[in-house]
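Participant:
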């Protein structure tokens with residue numbers, strides 16, 4: 024099943040789909056894009072001939088980073104989980120201490136390796 028990675032806490036909004044191949048896109052980290060985050064996500068999926076129901080699990084960066092990015096991305100993922108029952112994993116790159124090969128493609132494996140719990144939200148904001 025397809026895995027979706029969302030990172031909206033840094034300088035860019037980033038989406039990646041992992042299946043037999045990987046597909047990714049970035050968007051400017053702006054107020055306008057935060058307001059249409061779900062539209063950007065749906066367009067990304069459509070451009071790759073997928074729908075939200077084709078996603079098996081979602082991995083979302085919970086910070087540290089932009090408050091607006093964390094808040095909006097977590098809200099969208101929580102809504103998707105409630106409606107479609109798709110499990111999600113909230114990660115922080117700080118969770119993967121002493122790892123040398125931290126790439127977005129490796130996030131699902133690292134979440135499993137570090138035993139991150141699914142459907143648990145603990146955002147980490149920069150103050």
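In the numbering used here, the protein residues as written are 24 to 150. Glycine included, every Cβ here is placed at the ideal spot set by N, Cα and C.
Out of 143, 128, 142, point me to the one whose CA is closest to residue 39's CA.
Facilitator: Minimum Cα distance to residue 39 is reached at 128.
Participant: For the beta strand (DSSP E) holding residue 30, just list the boundary residues, first then last.
Facilitator: 25 to 30
Participant: In three-state DSSP terms, what is residue 117?
Facilitator: Residue 117 falls in the helix class under three-state DSSP.
Participant: Does residue 140 come out as helix, strand or coil in the three-state DSSP assignment?
Facilitator: coil
Participant: Residue 45 and residue 36 - do their beta-carbons sit closer together than 8 Å?
Facilitator: no
Participant: When you compare the CB positions of residue 60 and residue 89, do they come within less than 8 Å of one another, or not?
Facilitator: No, the pair does not count as a contact, with Cβ atoms beyond the cut-off.
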